[in-house]
Structure formats: C-alpha cells, structure tokens
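*Asks:*
2 protein chains.
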Amino acid sequence: MKIEQKQFNCPVEATLSLIGGKYKPLVLWHLKSQPLHYMELQRLIPKATPKMLSGQLHDLEDCGMINREVIPEKPPKTIYSLTAFGKSIIPVLNAMCDWGTSYLDGLDIQPVCCPSQSKK
Amino acid sequence: MKIEQKQFNCPVEATLSLIGGKYKPLVLWHLKSQPLHYMELQRLIPKATPKMLSGQLHDLEDCGMINREVIPEKPPKTIYSLTAFGKSIIPVLNAMCDWGTSYLDGLDIQPVCCPSQSKK
DNA sequence: AAGGGTGCTATCTTTTTTGAAAGTATCTAT
DNA sequence: ATAGATACTTTCAAAAAAGATAGCACCCTT
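Listed in order, the protein sequences are those of chains X and D. Using this note's numbering, you'd call the opening residue of the first sequence number 1248 and step up by one each time. Using this note's numbering, you'd call the opening residue of the second sequence number 1248 and step up by one each time.
(1) Only counting the same chain, and skipping five residues up and downstream in sequence, which positions put a Cβ closer than 8 Å to that of residue 1260 of chain X?
(2) Could you spell out the range, first to last residue, of the alpha helix (DSSP H) harbouring residue 1348 of chain X?
(3) Taking 8 Å as the threshold (beta carbon to beta carbon), is residue 1342 of chain X in contact with chain D?
(4) Taking the alpha-carbon of residue 1396 of chain D as reference, which of D:1293, D:1328, D:1291 and D:1332 has the nearest alpha-carbon?
(5) How far does the alpha helix (DSSP H) with residue 1270 of chain D in it reach, from first residue to last?
(6) Whose Cβ in chain X lies nearer than 8 Å to the Cβ of residue 1336 of chain D?
(7) Helix, strand or coil: how does DSSP classify residue 1260 of chain X here?
(8) Could you check whether residue 1351 of chain X and residue 1258 of chain D sit closer than 8 Å to each other, using their CB atoms as the reference points?
(9) Going by alpha carbons, who is nearest to residue 1328 of chain D out of D:1256, D:1354 and D:1276?
(10) Using DSSP with H/G/I as helix, E/B as strand and the rest coil, what is residue 1316 of chain X?
(11) Closer than 7 Å: is that where the CB of residue 1276 of chain X sits relative to any heavy atom of the ligand PLP?
(12) Taking the alpha-carbon of residue 1289 of chain X as reference, which of X:1304, X:1279 and X:1280 has the nearest alpha-carbon?
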C-alpha cells in the first residue's frame, strides 16, 4: 500500500510507517557514516536473511531514503547511500539511539554494535 | 519474550521494541498532555479494537511506561497516565512527530489529529 | 572445469500481528 | 425490565511479516 493512501492519526505513525521495519533503522544507521555495498550490509547485519535485507533496501529505496547504484566492476557491485531525504531523518535516529542507550544502560545490556554513534 | 532476553544490534532497536507497536506511540502521545480513561482512549483511537487497545495498554504497563489505576466509582473507571519512565520518551516522540509532520506537509496530507503537538 | 565471490530472487513454511464479533460483570437511568 | 455505559476478555479467522532453503547469472581465479 502506498503511503499516500494511508491515513495517519499522528505524524509519529507516518514516521514509523517508513522506518519501522525490522532492519530499517539499522540499515540507515550503518549508512549514516558512509555508503556501503550490499555484502558489507549483509555482514554488518548477519541476522537479516538476503530476502529480508534486500526487501528492506527496496522499501527504503522506494520511499526515497537511500540511493542504489550499480558499479560495473569485474564482479559488479551495488552501493547504497543515504539520500538528502534519508539524511533528514538522522535526528530521529539519534533521539531513538540516545533514549535506547540510556535504557539499555539501566538494564546492563550492551548492544552488539553501534557504541554511542549518536555523537557527531 | 522479555526484553532482557532480546539482543539488540542497535539501541534504536531497543527503543522500537518498546514503542514500535501499532498504537503505542499514539497512546503515549495522547497521555502526554493528561491522564485518560479507557473509553477516552478508545474514542481518541477508534481504529483500535478493544482487544488491540487493551493489549497495547498492557504492554505499556508491563514495560513500566504507563500507570493503570482503577477508580471505584459507580461504574468503576480506569485511568491511565504516563510514568516518569514513560515521560522520558517524550523527546523521541517529539522528534518523530516533527519529522513526520514536515514529511506529511510535503505530501499535502493532514493527520487526523495531533496538530503540531510537539510544541511545548 | 570447478569453485568462489557478488547480489540478489523465488518458494514455501512458520510465526506474529491484527481484526471481527461476541460475551461478561456491574451499576445506573428510564 | 430493559437498555446503556464502563472496561475489558475470549474465540476464531485473516493478513502481514519473517525465516529457511535453494537457485541463478555473471565473472574471476586456480
């Protein structure tokens, strides 16, 4: 279903409908610092199956948050990067990261990756 | 599954695991300004079925974000309110709301409710 | 020519989430 | 006595999301 046809009771819901997918925040998070190839993302997010990862990448591309560019090398590679629109959501990711970090701190849980990446 | 047993690759995921439910941001959003009765929430969120709404309220109560208090009136009422922990997530909701608002503005979509509630 | 790397897609199954509809218990107003 | 309000729960069904597994097409190296 296209976003234009959805009804939102709250802008928060619109935000979640774009970045609420299981691995989407993680993909955006990794792309925040630099563009990455498909296999690099796959290695950074090993729990995502290829189907899941490519599905999430398609969704993010369809909603204009990431660019997908094929580089015709010997084995052709694909590079994913944030668009300007994708970059615009970084403050939201930072807010979620900050809150999540202090929450996990209180539980004595360390996230597997992303150590305090919200600092600029 | 309890949150303590989950593994997060990113604090953002921890945040989403608590507030990512379909109506949870909306519930928190409504409770941000004042405590509400069950039926008030039901009227504010008509798309949620009773099962869904009470499920989301249970989840939020279980994770310590909202208080549930039964008031023994003639027809007994229940009042829901944010805990201190629940209030701590308001900045995240505000960031999501701000981003969602400008995103929907660009699409010429007006959310059904919550007009610019992120301002204090 | 056989195996490995890249970047996926296709199928099928399972799990999770959501929804629709009805039921329940108590009290009050008509 | 009947109907309505409050605050849910229960049961069954449907839909959506996620996972497992396999396959493919291309090129390169050995």
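Positions of the beta carbon are idealized from the N, C-alpha and C atoms, including for glycine. Just so we're clear, the structure is a prediction, and the values are computed from it rather than from any experiment.
*Replies:* Taking the structure as given:
(1) none
(2) 1337–1354
(3) yes
(4) Because chain D is modelled from 1248 through 1367, residue 1396 of chain D falls outside the range shown and cannot be assessed.
(5) Premise fails: residue 1270 of chain D is in no alpha helix (DSSP H) and is neither H nor E.
(6) 1346
(7) helix
(8) Cβ atoms of residue 1258 of chain D and residue 1351 of chain X: closer than 8 Å.
(9) Its Cα nearest to that of residue 1328 of chain D, the residue D:1276 stands out among D:1256, D:1354 and D:1276.
(10) strand
(11) For the structure depicted, the ligand PLP is absent and the ligand set is empty, with no information on it obtainable.
(12) X:1304
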